[in-house]
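2 protein chains.
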Amino acid sequence: MNQDYEKLQMYLDKQAALGAALTLLEWDNETLAPEKAMDNTARCVGILSEELYRCLVNEEVPGLLKKLGQAEDLTEIQAAVVRVLSKELAKIERISAKEQREFSELLSKSGMMWQKAKAEDDFALFAPYLEQVVAAIRKHNRYQLEGDNGDGTGSLYDVSLNEYEEGFGRKELDTFFAELKETIVPLLGRIQSSQKKMDTDFMHRKYDVEKQKQFNRWLAEYLGFDFSKGVMGESEHPFTTNLHNRDVRITTHYYEDNLISGIFSTIHETGHALYEMNVPDELTLTPVGGGASCGMHESQSRMLENMIGRSREFWEPVFGKLQETFPEQLCDVDLEQFVQAVNCVVPDLIRTESDELTYCLHIMVRYEAEKKLIEEEYPVSELPKLWNELYQEYLGVTPDSDKDGVLQDVHWSGGMFGYFPSYALGNAFAAQLYNKMKQEMDVPQLLRSGQIGQIINWLKEHVHCYGAAKPAGEILKLATGEEFCPAYYVQYLKEKYTKLYELN
Amino acid sequence: MNQDYEKLQMYLDKQAALGAALTLLEWDNETLAPEKAMDNTARCVGILSEELYRCLVNEEVPGLLKKLGQAEDLTEIQAAVVRVLSKELAKIERISAKEQREFSELLSKSGMMWQKAKAEDDFALFAPYLEQVVAAIRKHNRYQLEGDNGDGTGSLYDVSLNEYEEGFGRKELDTFFAELKETIVPLLGRIQSSQKKMDTDFMHRKYDVEKQKQFNRWLAEYLGFDFSKGVMGESEHPFTTNLHNRDVRITTHYYEDNLISGIFSTIHETGHALYEMNVPDELTLTPVGGGASCGMHESQSRMLENMIGRSREFWEPVFGKLQETFPEQLCDVDLEQFVQAVNCVVPDLIRTESDELTYCLHIMVRYEAEKKLIEEEYPVSELPKLWNELYQEYLGVTPDSDKDGVLQDVHWSGGMFGYFPSYALGNAFAAQLYNKMKQEMDVPQLLRSGQIGQIINWLKEHVHCYGAAKPAGEILKLATGEEFCPAYYVQYLKEKYTKLYELN
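Chains as they are written, first to last, in my numbering: chain L, 13 to 516; chain Z, 13 to 516.
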């Protein structure tokens, strides 16, 4: 083995172990830890996070990575590890330890103030913190533009965007979103003026939570979730996390008065989970042992949730089981009604509760706002006004309060700028992959006959198997034979909703 | 602050954080982690354990501890930290990193082989590993005898014993156990030939596990377990663990056909938990942030389980709640019958299922066996024979199989020699403390009126408040005004069982 890589290995091992421990601490915090544990546990998390940071930023690793970047005797995986770590290092190495600590503290305060501001519906409480977070992100991004490979010029927001999705800066996203907007907005108009109305009342009858749990557990297993390598829990906001490929954890949230919220959370998170479970053993617990990118991860959860999970074919062999679980509540509902209800389009204010069609419009609002904040030093105090105007323009609705408007998402309080677009890209990646998959096998027939394993297997062979050892764009090209092409998603939406709402 | 201590602080922080992470990983492994996670997670645990080891054994800390051992400007807590760490270091510093790694691997294999041997009831599978473990312990103990403060002579088993309970070597324990044996064995004989028979059949009716859970949760809270600072779960073998004083976790195991197994596990573990919850904030997450010793910890769990939890007074205000939970199963059982049943003496083979009176006899068997193994190089192959003879001598029963005999406990496979006696010492510490407490307040009356909080508070003020900042012996003396005195325990047993079995 390359001797420099051997030296690096010690840091990689430590990084993997600390990463797994921090993942578990976070999972536990969301699902089980007692209320008053927070302060003491946060102290431990802070110390371990600093240790994790020092696995990369120290006296030895930057030099090793530089040398290894030139090495020619690395395996493919080793080269990928060096590439990923070098990128990560470039992102943080100019941020001093002091700045890093101050930033962590700022994020911690800003997170708490966001919660308070949301609870009290008072944007002014959050605004000064958001201003500081934006300023810090701009400063960090400027470091990168001034770094080894830069000349100090370039777009500050592109730095944020590339952090989450390599190769997708403003140029690519402006084009992508323009195309989406051109399709969705008129389509939405036609749907809203159509005569077709869907009955969704039955979804809000009383559904026993214990029975929901049983059904959702069964459903996750049906989709391929392997309970010998995973755990299913509950938390306020559903999420997926993993210690490694043999310990993958999802959560769902159940509501007694909402049957499908839990179901589609389970399907969505199972999509993420299958990705992580299928990462090969030789990649797990390495820096390339997770999904390739946020967008690629979302492509897996959204394909399962929307393209597959909201299709008639999927429910053909499954709906009976659901009826069996809730015989009283669903005795007067048939498959057709059910499928229509889970695809009902209602433009609304809250992203996480949005339907499939209008989802990307929510993202576009955030994208436009982020561009202004990071690129143009747009005043934070004006943000609620901008937000409401954009919602009116894109979705035709205006929030009554900031709580249901600009304060709804946690991301900005945590410094996550540039993340939202990956949700939309995920949809488009998914459509492109799904299109290819359908050319290679009879997907509707597989779904109808309950053979979903073959579909997951296709994803495993074409996406999951690479972990993050290749960039998302390359995986997409290897899987579909094409560069990223948003037309598949546009086409998918048009076809689906034209048919569903009988718009012809 | 002392400058050397300031330097030490960095290592202490890291040690605390790694310790908390490892605790959570272990808890999770016992309660939730998926079956196939083990290998990958064990790799991470191994790496983190090595990091933890290096917080103490490195180029800086041994020197700092040496200097700090002489320093006169330390606070009481700082001095206690230095004392505890110096003792820990002395234990491991002569073991080379290579030996340490080999020992960990040996323990891991020996643990697996013990499980297999127990499952297959085949001691020969385990014997070669046990031999190696004994040899390693003897070697490590010899290092300590040869260390800075030693001349190479002394008892190898005393080293093991002092590791778990400072100041309690063979001399002290031989005296203690002789006194106990002198009391218990004849007492047991009188009980066995008495006419008094207790009806325990009702405990094995069918008790719904969900209802047991509800009752046990209520019971833990009644005893003072604060669910805002703790978690209650389930595992194969009940245990208590904690990340710090505000995150204390207990488990219980429920059996549908055994009502009291879960109940007394809950009471026992709650005793441990209250100790950890009551450790002051300034001690938690330091090396003196836990209980003072194994024996002192057991004193808290055993006082709550046996002296309090099996008393008539305790059940007076509680039995009604239990009857309310299981009206059908307990309709023909009254308080008197219930209290008698939970105190029924039946000499049997399995330590963890033993009654209060014969419990220490199980410990004495292990103590005699350990003495021979560690001190006298007694051949491991002879161990089953020795075990069975000792059981016959002490308890009057002989195991049919090694599974129910020498293979029943996990401790030796994990290298824990010298641990068992602390279970017995815990009983004696408890009796001495309980005696003092009763002089200061009307304990039976407090129990009858459900005011158990005042009892726990006494323990908090006299035991819990010190954490491990003082040795157990010193805490005992501060609390009771006396040195350790086993007579209280002997007296307690005599009185209790004479009355219960009407032996006068």
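Cβ coordinates follow ideal geometry from the N, Cα and C atoms, glycine included. The model shown is predicted, which means the values in this text are computed figures rather than measured ones.
| query | Given a limit of 8 Å on CB to CB distance, which residues of the segment 294-324 of chain L reach chain Z? | reply | Of all residues in the segment 294-324 of chain L, Thr296, Leu297 have a Cβ within less than 8 Å of some Cβ in chain Z.
| message | Please report whether the beta-carbon of lysine 472 of chain Z lies at a distance below 8 Å from any beta-carbon of chain L. | response | At a cut-off of 8 Å between beta carbons, lysine 472 of chain Z makes no contact with chain L.
| said: Using 8 Å as the cut-off, can you tell me whether the segment 442-451 of chain L makes contact with the segment 484-501 of chain L, which would need three or more C-beta pairs spanning the two stretches below that distance? | reply: Touching, yes, given that three or more Cβ pairs across the two stretches are closer than 8 Å.
| field | Contact set between valine 243 of chain L and chain Z, taken where Cβ atoms lie within less than 8 Å | value | By Cβ distance, chain Z contributes Leu44, Ala45, Pro46.
| request: Figure out for me which residue from Z:Trp126, Z:Leu157, Z:Gly438, Z:Glu281 has the closest Cα to the Cα of phenylalanine 180 of chain Z. | output: For the residues Z:Trp126, Z:Leu157, Z:Gly438, Z:Glu281, the minimum Cα distance to phenylalanine 180 of chain Z belongs to Z:Gly438.
| request: Locate the alpha helix (DSSP H) running through asparagine 153 of chain L, then write down its first and last residues. | output: Asparagine 153 of chain L: member of the alpha helix (DSSP H) spanning 135-158, first to last residue.
| request: Tell me, to the nearest whole angstrom, how far the beta carbon of leucine 286 of chain L is from that of glycine 321 of chain L; I am working on the premise that it is less than 8 Å. | output: Between leucine 286 of chain L and glycine 321 of chain L, the beta carbon gap of about 13 Å keeps them out of contact (Cβ cut-off 8 Å).
| said: To the nearest angstrom, how far is the alpha carbon of leucine 505 of chain L from that of aspartate 186 of chain L? | reply: Straight-line Cα distance between these residues: approximately 19 Å.
| task | Since I believe asparagine 52 of chain Z is in contact with aspartate 259 of chain L (beta carbons under 8 Å), could you give me their beta-carbon distance rounded to a whole number of angstroms? | result | 7 Å between Cβ atoms; contact.
| message | Assuming methionine 50 of chain Z is part of the alpha helix (DSSP H), what are its boundary residues? | response | That run of the alpha helix (DSSP H) goes 50-66.
| task | For methionine 22 of chain Z, count neighbouring C-beta atoms within 10 Å of its own C-beta (all shown protein chains included) and say buried if the count is 16 or more, exposed if not. | result | Exposed is the call here.
| Of the residues L:Leu76, L:Glu117, L:Gln15, L:Lys78, which one's Cα is nearest the Cα of glycine 59 of chain L? | One detail in the question is off: residue 59 of chain L reads as isoleucine in this sequence, not glycine. For isoleucine 59 of chain L, the nearest C-alpha among the options comes from L:Glu117.
| said: What does DSSP give as the partner residue(s) for aspartate 259 of chain L in the beta ladder? | reply: DSSP lists L:His256 as partners of aspartate 259 of chain L.
| query | Should methionine 215 of chain L and isoleucine 272 of chain L be called a contact, given that it needs their Cβ atoms to be closer than 8 Å? | reply | Cβ atoms of methionine 215 of chain L and isoleucine 272 of chain L: closer than 8 Å.
| chain Z contact for arginine 66 of chain L (CB, 8 Å cutoff) | Closer than 8 Å to the CB of arginine 66 of chain L there is not a single CB belonging to chain Z.
| task | Answer with yes or no whether the minimum CB distance from histidine 256 of chain L to chain Z is below 8 Å. | result | Chain Z, which has a Cβ nearer than 8 Å to the Cβ of histidine 256 of chain L, makes this yes.
| query | Using DSSP with H/G/I as helix, E/B as strand and the rest coil, what is asparagine 516 of chain L? | reply | Asparagine 516 of chain L: coil per DSSP, three-state reduction.
| said: Just to make sure I have the definition right: I need the residues of chain Z whose C-beta is within less than 7 Å of the C-beta of phenylalanine 544 of chain L. Which are they? | reply: As displayed, chain L neither begins before 13 nor continues past 516, which places residue 544 of chain L out of reach and without an answer.
| message | Tell me the rounded alpha-carbon separation between valine 146 of chain L and glutamate 389 of chain L. | response | Cα to Cα, the separation comes out at about 9 Å.
| task | Taking C-beta pairs closer than 7 Å, name the residues in chain L that isoleucine 59 of chain Z reaches, listed in chain order. | result | Within chain L, Asp25, Lys26, Ala29 have C-beta atoms less than 7 Å from the C-beta of isoleucine 59 of chain Z, given in sequence order.
| task | Tell me the start and end of each unbroken alpha helix (DSSP H) in the segment 388-422 of chain Z that is at least 4 residues and wholly inside, in chain order. | result | Counting only runs of 4 or more, we get 395-407.
| task | Express the C-alpha separation of glutamate 62 of chain Z and phenylalanine 350 of chain L in angstroms, rounding to a whole number. | result | Straight-line spacing of the CA atoms in phenylalanine 350 of chain L and glutamate 62 of chain Z works out to 55 Å.
| Span of the alpha helix (DSSP H), counted from its first residue to its last, around methionine 289 of chain L | Boundaries of the alpha helix (DSSP H) around methionine 289 of chain L: 271-289.
| Quick one: is isoleucine 467 of chain L buried, meaning 16 or more other Cβ sit within 10 Å of its Cβ, or exposed? | The residue is buried, with at least 16 neighbouring Cβ atoms inside 10 Å.
| request: Determine the contact status of proline 299 of chain L and valine 93 of chain L, defining contact as a CB-CB distance below 8 Å. | output: It is a contact, given that the beta carbons lie within the stated cut-off.
| request: Determine, using beta-carbon pairs with one atom in the segment 346-365 of chain L and one in the segment 485-493 of chain L, whether at least three such pairs fall under 8 Å. | output: Of all C-beta pairs linking the segment 346-365 of chain L to the segment 485-493 of chain L, fewer than three are shorter than 8 Å, placing the two stretches out of contact.
| What's the C-alpha gap between glutamate 281 of chain Z and arginine 261 of chain Z? | Going by the C-alpha atoms only, they are around 9 Å apart.
| request: Could you tell me if methionine 376 of chain L is buried or exposed, where buried requires 16 or more neighbouring beta carbons within 10 angstroms of its beta carbon? | output: The Cβ neighbour count for methionine 376 of chain L, taken over all protein chains shown within 10 Å, is at least 16; the residue is labelled buried.
| message | Rounding to the nearest angstrom, what Cα-Cα distance links glutamate 405 of chain L and proline 391 of chain L in this structure? | response | Our two residues, glutamate 405 of chain L and proline 391 of chain L, have alpha carbons roughly 20 Å apart in a direct line.
| Do the CB positions of valine 357 of chain Z and isoleucine 203 of chain Z come within less than 8 Å of each other? | The criterion of a C-beta distance shorter than 8 Å is satisfied by valine 357 of chain Z and isoleucine 203 of chain Z.
| task | Kindly list the residues whose CB is nearer than 7 Å to the CB of tyrosine 155 of chain Z, restricted to its own chain and excluding five residues on each side of it in sequence; keep chain order. | result | Within the same chain, and ignoring the five residues on either side of tyrosine 155 of chain Z in sequence, the residues whose Cβ sits closer than 7 Å to its Cβ are Arg106, Ile107.
| query | Do alanine 304 of chain L and alanine 436 of chain L have their C-beta atoms within less than 8 Å of each other? | reply | In this structure, alanine 436 of chain L does not lie closer than 8 Å to alanine 304 of chain L by Cβ.
| CA-CA distance, serine 205 of chain L and leucine 515 of chain L? | Taking the CA atoms as reference points, serine 205 of chain L sits about 10 Å from leucine 515 of chain L.
| At least three beta-carbon pairs within less than 8 Å, the segment 418-427 of chain Z to the segment 458-475 of chain Z | By the Cβ rule, the segment 418-427 of chain Z does not count as touching the segment 458-475 of chain Z, because fewer than three pairs are nearer than 8 Å.
| said: At the level of alpha carbons, what is the spacing between alanine 148 of chain L and asparagine 469 of chain Z? | reply: Separation of alanine 148 of chain L and asparagine 469 of chain Z (C-alpha to C-alpha, rounded to the nearest whole angstrom) is 49 Å.
| Cutoff 8 Å: aspartate 259 of chain Z Cβ touching any chain L Cβ | Yes, because at least one Cβ of chain L sits closer than 8 Å to the Cβ of aspartate 259 of chain Z.
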